[in-house]
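**Student:** Below you will find the structure I want to go over with you.
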Amino acid sequence: MNALTTALDASSDLDNPGSELSSASNSLGSALTECPDHPNATTTVIIIGAGITGIGAAYYLAINNVSYTILEAKDDLGGVWYTHRWHGARCDSEFIKYSYSFKTLLSPYRLQTRDQIHEYLRSVAEDFAILPHIRFNTRVVKAVFDTANARWIVHTTAGVFTSQFLINGNGYFSDPYVPLFKGADTFEGEIVHTSALDSQRTFLEKNVVLVGSGATAICCAPELSAVSQSLVLVQRSPSYIYEISNTVGPLTRACQYLHTRGLTFPLTVLRYAIQWKDDLIFVGFRKFPWFARWFFKHHWHKTIDPDTFQRHFRPRYNPWEQRIPVAIGLKEQLQQKKIVIKTGEIDRFTESSLVMADGEEIRCDVCILATGFNLNLLKFDMHVDEQKIAIGGINFYKGIMLGGVPNYFHPFGAWHTAWTQRSETVTRFAIRIMAYMKAKGFRAVRIDRRDIGFTPPLTSNYIKRCRAMMPRFYGTYDLPAIDNLVSYRFNPRSFKFS
Ligand SMILES: Cc1cc2nc3c(=O)[nH]c(=O)nc-3n(C[C@H](O)[C@H](O)[C@H](O)COP(=O)(O)OP(=O)(O)OC[C@H]3O[C@@H](n4cnc5c(N)ncnc54)[C@H](O)[C@@H]3O)c2cc1C
917 MNALTTALDA SSDLDNPGSE LSSASNSLGS ALTECPDHPN ATTTVIIIGA GITGIGAAYY
977 LAINNVSYTI LEAKDDLGGV WYTHRWHGAR CDSEFIKYSY SFKTLLSPYR LQTRDQIHEY
1037 LRSVAEDFAI LPHIRFNTRV VKAVFDTANA RWIVHTTAGV FTSQFLINGN GYFSDPYVPL
1097 FKGADTFEGE IVHTSALDSQ RTFLEKNVVL VGSGATAICC APELSAVSQS LVLVQRSPSY
1157 IYEISNTVGP LTRACQYLHT RGLTFPLTVL RYAIQWKDDL IFVGFRKFPW FARWFFKHHW
1217 HKTIDPDTFQ RHFRPRYNPW EQRIPVAIGL KEQLQQKKIV IKTGEIDRFT ESSLVMADGE
1277 EIRCDVCILA TGFNLNLLKF DMHVDEQKIA IGGINFYKGI MLGGVPNYFH PFGAWHTAWT
1337 QRSETVTRFA IRIMAYMKAK GFRAVRIDRR DIGFTPPLTS NYIKRCRAMM PRFYGTYDLP
1397 AIDNLVSYRF NPRSFKFS
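Everything in the sequence shown is counted per my numbering, starting at 917 for the first residue and increasing by one.
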């Protein structure tokens, strides 16, 4: 595959149960004109990445008969749900909401583990005949938009591909963030980042320290403590944490039952209702932080004493300024003293311990860093003709198009709720744009490059750390419940067609 690779034909006879798209979008792929320099290039869309974004995009393209190929760097699909293998890796969005709207997962559990999500994504790829369209072990290294021919030329580790449109689902995590600790090189135990941790490992004769306070640490701690001799959770500063029971409630059970009986709308309505609730909590907590702080205090008061709450559960920031980790089983393990929390700065490592800034020494054999990742929204070089595109600071319209980059869609999910609540909507929006172009005979679409102000809605450390490398979002309310109704109504005047 060293020259041009012909795309697979995506036209399939899939049902189109949920499509709201106009008839103009049907047979989009057949409208393609061939690129004179690359006569074999017949794919309309190249999707980069076979994670939840890429697979979702493939579904929507297929039901609209748009030809596509997915280029995936790894040897399996799933994205983060394939690569994150640490103890307790799971989602913290209710799965009824995080799963695709077009494929419900009936489950007794509210949240699903990494394995379950990976299996779910594989079943979607199989059920909707997406699997044969994925080129595994194919990393995109460079994509060039050829303005004269209105076509992307995509260079990969497995040859060159071309298409009219790019949909980029390459994810947003880059390399693990590993803070530098004094004396770490003298530590005789093991220091390992969660990205390199495999949940099959046990530490039954080891004293383990887990460093972190975000969702990873909170998901990991209860599972890790079950396979460790002891576990201390060291956090620099506290987070708001919300503990849930992972069993679905009677309402969801009833909706799932009706679904098995062929009555699907109650579950659909429930999905929307949960989204409205999430958005309401997001807005309400930010507007009335005193109430939110009271809520969390009340949430923990039966489990821990007021002093422990004050030291380890009272963040410096207001609720929902950062994502709220969802715990399962943390309360019980704290009560049973299987997990001990320490809050403060780590000063240094010694040969057999880490020492906190207040002088307290914590002996340990293994130190696991749940310190997260750096962000990178664009994982290959991108050019429009001769001009290289830098993603840092670029205007990012509705989480879909970058200023000055034609025929490029980048479905970006929601910050404070399930990713799919926006990535799916954005993908459908992109297909509407393609359908309009087909109907009017346009070959290229773009939005102009412009300067806009941008304050990220969340102040999480990974966002602050990588802010200069982030694009500037605008054009949405950042509330999927409202955006679905208002922001993603297609108005051709918002775009430049040629
Ligand atoms: C443990 C964990 C828990 C999470 N929980 C939640 C949650 O509860 N709710 C929520 O909304 N979000 C959650 N997230 C965030 C999660 O990243 C998103 O929800 C979502 O999975 C992003 O999907 P994606 O397909 O866009 O990206 P990814 O899953 O990162 O997939 C990107 C894919 O693109 C491929 N790729 C990257 N670069 C290239 C290239 N150059 N060429 C070819 N292929 C490439 C990668 O190999 C990968 O397969 C969680 C993340 C983690 C790690």
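Glycine is no exception: its CB is placed at the ideal position from the N, C-alpha and C atoms.
If contact is defined by three or more beta carbon pairs under 8 angstroms, each pair taking one atom from either stretch, is the region 1310 to 1317 in contact with the region 1388 to 1408?
**Tutor:** Cβ pair count under 8 angstroms is three or more, so yes.
**Student:** Is it right to say Phe1061 is buried, meaning 16 or more other beta carbons lie within 10 angstroms of its own, or is it exposed?
**Tutor:** Here the question's residue 1061 lines up with position 145 in the sequence shown. Answer is buried; the Cβ neighbour count reaches 16.
**Student:** Would you list, in sequence order, the uninterrupted alpha helix (DSSP H) runs of no fewer than 4 residues that lie entirely inside the region 994 to 1056?
**Tutor:** Listed in chain order, the complete alpha helix (DSSP H) runs (minimum 4 residues) inside the region 994 to 1056 are 996 to 999, 1011 to 1014, 1030 to 1043.
**Student:** Between Cys1382, Arg1232, Thr960, Ile1349, which has its C-alpha nearest Gln1151's C-alpha?
**Tutor:** Counting from one through the sequence shown, the residue named residue 1151 turns up at place 235. Nearest of Cys1382, Arg1232, Thr960, Ile1349 to Gln1151, Cα basis: Arg1232.
**Student:** Would Ile1244 and Ile1160 qualify as a contact pair, given that the criterion is a beta-carbon distance under 8 angstroms?
**Tutor:** By 1-based counting over the sequence shown, the position of residue 1244 is 328. By 1-based counting over the sequence shown, the position of residue 1160 is 244. Going by C-beta atoms, Ile1244 is nearer than 8 angstroms to Ile1160.
**Student:** Compute the minimum distance between the beta carbon of Ser1009 and the heavy atoms of ligand 1, and state whether it is under 7 angstroms.
**Tutor:** Taking the first residue of the sequence shown as 1, we reach residue 1009 at position 93. Yes, the Cβ of Ser1009 comes within 7 angstroms of a heavy atom of ligand 1.
**Student:** Which full runs of the beta strand (DSSP E) of 3+ residues lie inside the region 1112 to 1137, going along the chain?
**Tutor:** The region 1112 to 1137 contains these whole beta strand (DSSP E) runs: 1119 to 1127.
**Student:** In the DSSP assignment, what are the bridge partners of Gln1151?
**Tutor:** On the sequence shown, residue 1151 is found 235 positions in, with the first residue counted as 1. BP columns for Gln1151 point to Thr1259.
**Student:** Run the proximity test for Glu988: is its beta-carbon closer than 7 angstroms to any non-hydrogen atom belonging to ligand 1?
**Tutor:** Against the sequence shown, residue 988 aligns to sequence position 72. Yes, since a heavy atom of ligand 1 falls inside the 7 angstroms radius drawn around the Cβ of Glu988.
**Student:** Would Arg1006 and Arg1026 be called neighbours here (beta carbons separated by less than 8 angstroms)?
**Tutor:** To locate residue 1006, count along the sequence shown from 1; it is residue 90. To locate residue 1026, count along the sequence shown from 1; it is residue 110. No, Cβ-Cβ distance for Arg1006 and Arg1026 is not below 8 angstroms.
**Student:** Any heavy atom of ligand 1 closer than 7 angstroms to the CB of His1332?
**Tutor:** To locate residue 1332, count along the sequence shown from 1; it is residue 416. No.
**Student:** Using a Cβ-Cβ cutoff of less than 6 angstroms, which residues in the same chain neighbour Ser1111 once the five nearest sequence positions on both sides are dropped?
**Tutor:** For this step, residue 1111 is matched to residue 195 along the sequence shown. Pro1092.
**Student:** If you draw a straight line from the alpha carbon of Leu1293 to that of Arg1169, how long is it in whole angstroms?
**Tutor:** Against the sequence shown, residue 1293 aligns to sequence position 377. Against the sequence shown, residue 1169 aligns to sequence position 253. So the two alpha carbons sit approximately 38 angstroms from each other.
**Student:** Can you tell me whether Gln1303 is helix, strand or coil according to DSSP?
**Tutor:** On the sequence shown, residue 1303 is found 387 positions in, with the first residue counted as 1. Here Gln1303 sits in strand by DSSP.
**Student:** According to DSSP, is Gln1337 part of a helix, a strand, or is it coil?
**Tutor:** Within the sequence shown, numbered from 1, the residue matching residue 1337 stands at position 421. Reduced to three states, the DSSP call for Gln1337 is helix.
**Student:** Assuming Arg1209 and His1332 form a contact by the criterion Cβ under 8 angstroms, report the distance between their Cβ atoms to the nearest whole angstrom.
**Tutor:** Working through the sequence shown from its first residue, we reach residue 1209 at position 293. Working through the sequence shown from its first residue, we reach residue 1332 at position 416. Incorrect: roughly 18 angstroms between the Cβ atoms, too far for contact.
**Student:** On the DSSP bridge assignment, give the partners of Asp1297 in chain order.
**Tutor:** Position 381 of the sequence shown, counting from 1, holds the residue named residue 1297. Beta-bridge pairing links Asp1297 to Lys1058.
**Student:** Taking all protein chains shown into account, decide if Val1057 is buried (16 or more other Cβ within 10 angstroms of its Cβ) or exposed.
**Tutor:** One-based indexing of the sequence shown puts residue 1057 at position 141. Under this definition Val1057 is an exposed residue.
**Student:** Report whether the distance from the Cβ of Trp1068 to the nearest heavy atom of ligand 2 is below 7 angstroms.
**Tutor:** As for ligand 2, it is missing from this structure, which binds only ligand 1.
**Student:** Unbroken alpha helix (DSSP H) runs of length 4 or more, entirely within the region 964 to 994: which are they?
**Tutor:** With a minimum length of 4 residues, the continuous alpha helix (DSSP H) runs that stay inside the region 964 to 994 are 968 to 979.
**Student:** Answer with buried or exposed for Val1185, where buried requires no fewer than 16 other C-beta atoms within 10 angstroms of its C-beta.
**Tutor:** Here residue 1185 is taken as the residue at index 269 of the sequence shown, counted from 1. The residue in question, Val1185, is exposed, as its Cβ has fewer than 16 Cβ neighbours within 10 Å.
**Student:** Taking the Cβ atom as the reference point for each residue, do Leu1037 and Trp997 lie within a distance shorter than 8 angstroms?
**Tutor:** As a position in the sequence shown, residue 1037 is number 121, starting the count at 1. As a position in the sequence shown, residue 997 is number 81, starting the count at 1. Going by C-beta atoms, Leu1037 is nearer than 8 angstroms to Trp997.
**Student:** Quick check on DSSP: helix, strand or coil for Arg1365?
**Tutor:** Position 449 of the sequence shown, counted from the start, is the residue given in the question as residue 1365. Coil at Arg1365, not helix or strand.
**Student:** In chain order, which continuous runs of the alpha helix (DSSP H) of length 4 or greater are located wholly inside the region 1212 to 1242?
**Tutor:** Counting only runs of 4 or more, we get 1222 to 1228.
**Student:** Taking 7 angstroms as the cut-off, does the CB of Arg1038 come closer than this to any heavy atom belonging to ligand 1?
**Tutor:** Walking along the sequence shown from the start, residue 1038 turns up at place 122. False, no ligand heavy atom lies under 7 angstroms from that Cβ.
**Student:** Return the chain-ordered list of same chain residues with a C-beta closer than 8 angstroms to the C-beta of Ala1133, the five sequence neighbours on each side being excluded.
**Tutor:** Position 217 of the sequence shown, counted from the first residue, corresponds to residue 1133. So the qualifying residues of the chain are Leu1126, Val1127, Leu1149, Gln1151, Pro1241, Ala1286.
**Student:** Would the beta-carbon of Thr1054 fall within 8 angstroms of that of Glu988?
**Tutor:** For this step, residue 1054 is matched to residue 138 along the sequence shown. For this step, residue 988 is matched to residue 72 along the sequence shown. In this structure, Glu988 lies closer than 8 angstroms to Thr1054 by Cβ.
**Student:** How many Å lie between Arg1227 and His1003 at the Cα?
**Tutor:** The residue given as residue 1227 occupies position 311 in the sequence shown. The residue given as residue 1003 occupies position 87 in the sequence shown. One C-alpha to the other measures close to 26 angstroms.
**Student:** Can Gly1275 be considered in contact with ligand 1, in the sense that its beta carbon sits closer than 7 angstroms to one or more heavy atoms?
**Tutor:** Walking along the sequence shown from the start, residue 1275 turns up at place 359. Gly1275: no, Cβ never under 7 angstroms from ligand 1.
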